[in-house]
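For reference, the structure is listed below as structure tokens.
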Amino acid sequence: MRVAVGLVLCMLLASIPTSSAQSDSSEEDAWPGDPVDSHVHMTWAALTLEVNEWADDYPEIVDLTSIGQSELGKTLWVVRLSNWSMETKSDGSQKEIVYIDGGHHGNEYLGTALAWLSAKWYIDGWAEGNEEAINVLDNTELHITIMLNPDGNDIDTRWNINQVDLNRNYDHYWNTCPTTQPGSSAFSESETAANGVYMNTVVPDADLYVTMHTGVWIMLYPWGKWPEQPPDWELYHKIREDVQDNISSIPIQNANQGLYPNCGTSRDYGYGQMGFPTFTFETDDEQFVPGSFENLNDRLGEEMDVMRFLINDVWYWRAQLTVQSLAVAQDSITLTVDNDARASTANATLQYLDADGMLLWNSSLFAVNASSTNTTSLDATNLSMVEGGTFSLSYQVRVIDAARWVTEPVEGVEVQFDEEKEPSFLIGYGLFNPLTLMACFIAVAAVANERRELEDEA
Ligand SMILES: [Zn+2]
717 MRVAVGLVLC MLLASIPTSS AQSDSSEEDA WPGDPVDSHV HMTWAALTLE VNEWADDYPE
777 IVDLTSIGQS ELGKTLWVVR LSNWSMETKS DGSQKEIVYI DGGHHGNEYL GTALAWLSAK
837 WYIDGWAEGN EEAINVLDNT ELHITIMLNP DGNDIDTRWN INQVDLNRNY DHYWNTCPTT
897 QPGSSAFSES ETAANGVYMN TVVPDADLYV TMHTGVWIML YPWGKWPEQP PDWELYHKIR
957 EDVQDNISSI PIQNANQGLY PNCGTSRDYG YGQMGFPTFT FETDDEQFVP GSFENLNDRL
1017 GEEMDVMRFL INDVWYWRAQ LTVQSLAVAQ DSITLTVDND ARASTANATL QYLDADGMLL
1077 WNSSLFAVNA SSTNTTSLDA TNLSMVEGGT FSLSYQVRVI DAARWVTEPV EGVEVQFDEE
1137 KEPSFLIGYG LFNPLTLMAC FIAVAAVANE RRELEDEA
């Protein structure tokens, strides 16, 4: 790879004197590739060399695999980054999962470059001992498919080799908007089919999906299909507020209003079918400066700052319920729940399970808004307590129908019981238990009977 970059750099140095001012570090950060027309263009071959070099150099964090193949048989590389020596977070909980893809449109180099940089930033950070990068890789799996459309990329076209717009080919209201070249059916193309399978089988638990394009400088959230705000509008608006207050003035809008109606996109599919919080990240339409390498950290620094924020705070892009108190009375339960994260949940239930984990009782549904505390009273007339019983919360992590479900045990809080409901040894086996009473009667009767027989014999 270094040889390839070096060769290209030599060509540039010969023709463009100003390039000689570039330092070694910017050479290191330059996007690999070849000058094509007015861009430095990363070919699939250059990408293949680069990602394999990453895997060779940093096996402890880089797991290189593929989501499938393009129509022409090119490997669709996915770079999986995490500290693979740790199976879980240090507290034993499941790592956060982030999915990123770039290059749906083969002539949108900066979008592909941002996906490339999203991997490169964490690899370089890890190598340099950067605390933020180490912390993210200890707690998160980043799955990054840098170039989804290598066939189109290598011939500098928006479409794939079948002249299909891959970002209109997903199975979410496919071909229901005025559009061009959506393909013969949803997922008719091997690139989109592979991406759909990867989302469904490998990263279905992702709490962030960002798909990277080049066009207008804007971030788009669902829907492309409808002008209405999505069910999780609160989450998207909160992210917009945080980004615009602290990081970047990049516009963040509903895709239908911010751009134009678009259907069958990976963004709407990721949200509507997978339940991920999704963004289309459009870097601006000014591609590379003609004939020059650019340091992508300079060129896409602000975009990368936004990505780092979204990745660092991925924990917040879901509902995250913590029980503050749980009081069981004869006919009702009073439950106080915190939601520390930024998404609401609409249909949580409290569950009661026996010692073997068998579900014995489900409460009615209740909602908990984002960033709030909610006290609710639940009807518990049908709830019978048992020895060793436990409570759990079951809920969807976002409001959208497709959001994933979690079931989390109620831990770290002492359950308060009214006397009548207390599941104790005395109630289960005590003096006033009907079975105990019946056993007593039988025993007394037997003893009395025996004594009568003895008396008769006497
Ligand atoms: Zn695009």
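Position in the sequence shown counted from 1, then plus 716, gives you the working numbering.
Glycine included, C-beta positions come from ideal geometry on N, C-alpha and C.
Taking 3 residues as the minimum length, the beta strand (DSSP E) runs contained wholly in the stretch 758-838 are 778-785, 791-797 and 812-818, in order along the chain. Within the stretch 976-1056, the complete beta strand (DSSP E) segments of 3 residues or longer fall at 994-1000, 1037-1044 and 1048-1055, listed in chain order. In this structure, the C-beta of Glu-824 approaches ligand 1 to less than 7 Å from one of its heavy atoms. For Phe-1107, the beta-bridge partners assigned by DSSP are Tyr-1068. A distance of 8 Å or more separates the beta carbons of Leu-1069 and Ser-1079. Going by C-alpha positions, Tyr-987 is about 17 Å away from Ala-909. Distance from the C-beta of His-757 to the nearest heavy atom of ligand 1 is not below 7 Å. In this structure, Asn-1085 has its beta carbon at no less than 7 Å from each heavy atom of ligand 1.
Its Cα nearest to that of Ile-850, the residue Tyr-838 stands out among Tyr-838, Leu-858 and Thr-861.
At a cut-off of 4 residues, the continuous stretches assigned as alpha helix (DSSP H) that sit fully inside the stretch 943-969 are 949-962. One alpha carbon belongs to Val-1039, the other to Asp-1054, and they sit about 6 Å apart. Here Gln-1132 is actually not in contact with Trp-1121; their C-beta atoms are around 27 Å apart, not less than 8 Å. Ligand 1 approaches Asn-883 closely enough that one of its heavy atoms is under 7 Å from the residue's Cβ. Distances from the CA of Ser-809 to each of Asn-1063, Asp-958 and Asp-854 were compared; the closest alpha carbon is that of Asp-854. Proximity of the beta carbon of Gly-868 to ligand 1 is not indicated: no heavy atom of the ligand is located closer than 7 Å.
At a Cβ-Cβ threshold of 8 Å, Ala-835 and Leu-797 count as neighbours.
In this structure, the C-beta of His-821 approaches ligand 1 to less than 7 Å from one of its heavy atoms. Between Ile-813 and Glu-857, the gap from beta carbon to beta carbon is short of 8 Å. For Arg-983 against Leu-1016, the beta-carbon gap comes to about 20 Å, at or over 8 Å, which does not count as contact. Taking every protein chain shown into account, the CB of Met-863 has 16 or more other CB atoms within 10 angstroms, so this residue is buried. Contact between Val-1126 and Leu-1099 does not hold, since the beta-carbon distance rounds to 14 Å and is not under 8 Å. Contact between Asn-869 and Gly-822 holds, since their C-beta atoms are separated by about 4 Å, short of 8 Å. The Cβ-Cβ distance between Asp-779 and Trp-800 falls below 8 Å. Relative to ligand 1, the nearest heavy atom lies less than 7 Å away from the CB of Gly-827.
DSSP links Gly-931 through a beta bridge to Asp-1000. The alpha-carbon of Thr-791 is positioned some 56 Å away from that of Glu-1103.
Close CB contacts of Thr-1097 within its chain, under the 7 Å cut and outside five residues either way in sequence, are with Asp-1047 (chain order).
Three or more Cβ pairs drawn from the stretch 934-952 and the stretch 971-979 lie within less than 8 Å of each other, which places the two stretches in contact. Counting only residues of its own chain and dropping the five nearest sequence neighbours on each side, Thr-896 has a CB closer than 7 Å to the CB of Asp-881. Put simply, the stretch 949-962 does not touch the stretch 903-922. Fewer than three CB pairs are less than 8 Å apart.
In the three-state reduction of the DSSP assignment, Tyr-886 falls in the coil class, being assigned neither a helical nor a strand state.
At a threshold of 7 Å, Gly-899 does not count as near ligand 1, since its beta carbon sits no closer than that to any of the ligand's heavy atoms.
Among the bridge pairs identified by DSSP, Ser-1088 is matched with Asn-1055.
With respect to the 8 Å criterion, Leu-763 and Leu-1012 are not classified as neighbours on the basis of their beta carbons.
Distance check between Ile-966 and each of Thr-828, Asn-978, Leu-1076 and Asp-1000 places Asp-1000 closest, using alpha-carbon atoms only.
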